[in-house]
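Single-structure report; data block below.
Protein chains in written order, with this note's numbering: chain Y, 1 to 198; chain S, 1001 to 1305.
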């Protein structure tokens, strides 16, 4: 996957600059942020994004909200849970990077991983497509969600690349190896659970 | 550059906040806010007090009907309810409870009979204000059935000796072979349930009880026959039932709204997983016969309409 970076450097002044920078020129912004990573700023941005996503989900996806246990659960449980998942994700990727011989700062990675979720802000306008009549709205919403997911994944790869100063291919491996291992672990646990019931 | 950045951030913020505000507006009731909705509740399956295992068909339970009617009642935009009934009947107690729930519902209720609304399915329908059935709907079967299985010989084959101790002359009536005396006791019991069914149909359909007794032989009728007998009001499908409900509620342009139970939270789904696995393992290891026996045992001793 080729990711082009812009020459211009975005000066990091605050939330506005970082948010706009991540969305418009992610590589330059991440490079700038990684020089002086601020967990406070990154987590603030992350929490704002998660609040927007939670609200958009609770308002537009009644079924999913009910399955998750109601709006109260969506806000009260998923918010801290998403922070935990972020830290675990960063931790696992950091571990994978070290296993592959890469050197970098966990603080840096965590900060950039938090910022890589910023495109999820577009979940708010995207969620409105659920109200469109017929199947077109659902299809467009699905497509839009998929594009946003890819966007976030690409930013995560850039985050890893900028943190560990590795190639894009290596950064991809660092990002996906933990997920593959987790999938294998889940499959093993499921198999074990089935054996126990027999 | 900084001004441009701030401007872009402002636009992004407005887009996000604006979207959320619109979502709040749209998330409110889409349908008519003037009480012009007709709630449609689908009731499919046998009537039972509780839901069976994962391999059993979905049941119509009093708890489910209570929740659905409550959802309809809480929605002030719903002026009347159509119950789409497709049921071969089921347990007497559960049918009576559901009948009470329908009878107590404060707004007009119309039943739309689907393929089948026999026995308990008919019982719960008679509490509605109006019944619509297709010409070919199967209905009727006003009667009671009780299955009694004597398992003594099965236990003998399995080498099990069961000794039953009772206090009360007829306490073990369901555990032993039926003799003429026990058979008579059970028949009196069933006759009483039959009378309860007949009285409910007579009251609900405003027909003379003796007339209902004449047709309460357990035979089934088509929708057309049922209309001639006074068990059904009109012939037609769901649309007819919706129009009828709208007329009863005084609604000019009815908008049908499906009333469904919200999905169960993920932890309840997860909680069902072990029993579902066990059901499937039972089926795989013991075979279909074991499952059929289990289902028969569950129906054993419970009188059914």
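The C-beta atom is built at its ideal place from N, Cα and C for all residues, glycine as well.
Quantities reported herein were computed from a predicted structural model and do not represent experimental measurements.
- Contact annotation for residue 125/Y against chain S: 1015 and 1019 [CB-CB distance below 7 Å, chain order].
- In this structure, the beta-carbon distance from residue 111/Y to residue 52/Y does not fall below 8 Å.
- Contact between residue 60/Y and residue 74/Y fails: their C-beta atoms lie close to 12 Å from each other, not under 8 Å.
- When secondary structure is reduced to three states using DSSP, residue 1189/S falls in the helix class.
- Sequence-distant partners of residue 1061/S (beyond 5 residues in either direction) whose C-beta falls short of 7 Å from its own C-beta, in its chain, are 1048, 1049, 1050, 1051 and 1094.
- Between the C-alpha atoms of residue 15/Y and residue 105/Y there is a straight-line separation of about 22 Å.
- Contact between the stretch 76-91 of chain Y and the stretch 15-27 of chain Y is absent: fewer than three C-beta pairs spanning the two stretches fall below 8 Å.
- Residue 1170/S and residue 1200/S have their C-alpha atoms spaced approximately 29 Å apart.
- Exposed is the label assigned to residue 1154/S, since fewer than 16 other Cβ atoms lie within 10 Å of its Cβ.
- Contact check between the stretch 1073-1082 of chain S and the stretch 1268-1287 of chain S: fewer than three CB pairs, one atom from each, fall below 8 Å, which does not count as touching.
- Assignment of residue 1023/S by DSSP, reduced to helix, strand and coil, places it in the helix class.
- The C-beta of residue 1291/S comes no closer than 8 Å to any C-beta of chain Y.
- Legend: CB atoms of the stretch 13-33 of chain Y lying less than 9 Å from CB atoms of chain S belong to residues 13, 15, 16, 17, 19, 20, 21, 23 and 24.
- Taking all protein chains shown into account, residue 146/Y has fewer than 16 neighbouring C-beta atoms within 10 Å of its C-beta and is therefore exposed.
- Residue 1304/S is not a Cβ neighbour of residue 1121/S, given a cutoff of 8 Å.
- For residue 1083/S, the uninterrupted beta strand (DSSP E) run begins and ends at 1078-1087, by DSSP.
- Per the Cβ contact rule, the stretch 1207-1214 of chain S is not in contact with the stretch 1098-1108 of chain S (fewer than 3 Cβ pairs under 8 Å).
- Listed by position along chain Y, the residues whose Cβ is nearer than 7 Å to that of residue 1005/S are 16, 17 and 20.
- Taking a C-beta distance under 8 Å as the contact criterion, residue 1141/S and residue 1119/S qualify as a contact pair.
- Secondary structure of residue 1302/S (DSSP, three-state): coil.
- One Cα belongs to residue 1238/S, the other to residue 1216/S, and the distance between them is close to 27 Å.
- In this structure, DSSP gives residue 125/Y a helical state, which the three-state scheme calls helix.
- By the CB criterion at 8 Å, residue 1289/S and residue 1130/S fall outside the cutoff.
- For the pair residue 1037/S and residue 1188/S, the CB atoms are not nearer than the 8 Å cut-off.
- Interface annotation for the stretch 119-143 of chain Y against chain S: 121, 124, 125, 127, 128 and 131, criterion Cβ-Cβ distance under 7 Å.
- Bridge partners of residue 1116/S according to DSSP: 1138/S.
- Distance check between residue 47/Y and each of 100/Y, 152/Y, 117/Y and 133/Y places 117/Y closest, using alpha-carbon atoms only.
- Residue 1244/S sits buried, since 16 or more C-beta atoms from the chains shown fall within 10 Å of its C-beta.
- Identification of chain Y residues near residue 1024/S by a Cβ-Cβ cut-off of 7 Å yields 59, ordered along the chain.
- Counting of Cβ neighbours within 10 angstroms places residue 1147/S among the exposed residues, the total staying below 16.
- For residue 79/Y, no chain S residue has a C-beta closer than 8 Å to its own C-beta; the minimum C-beta separation is roughly 16 Å.
- The alpha carbon of residue 38/Y has as its nearest neighbour, out of 115/Y, 134/Y, 187/Y and 185/Y, the alpha carbon of 115/Y.
- Taking a 10 Å sphere around the C-beta of residue 72/Y, we find fewer than 16 other C-beta atoms and assign the residue as exposed.
- Counting every other CB atom within 10 Å of its CB across the protein chains shown gives residue 1003/S a total below 16, marking it as exposed.
- Think of a sphere of 9 Å around the beta carbon of residue 50/Y: no beta carbon from chain S falls inside it, the nearest being about 13 Å out.
- Following the DSSP letters along the chain, one finds residue 1222/S inside the beta strand (DSSP E) bounded by residues 1220-1222.
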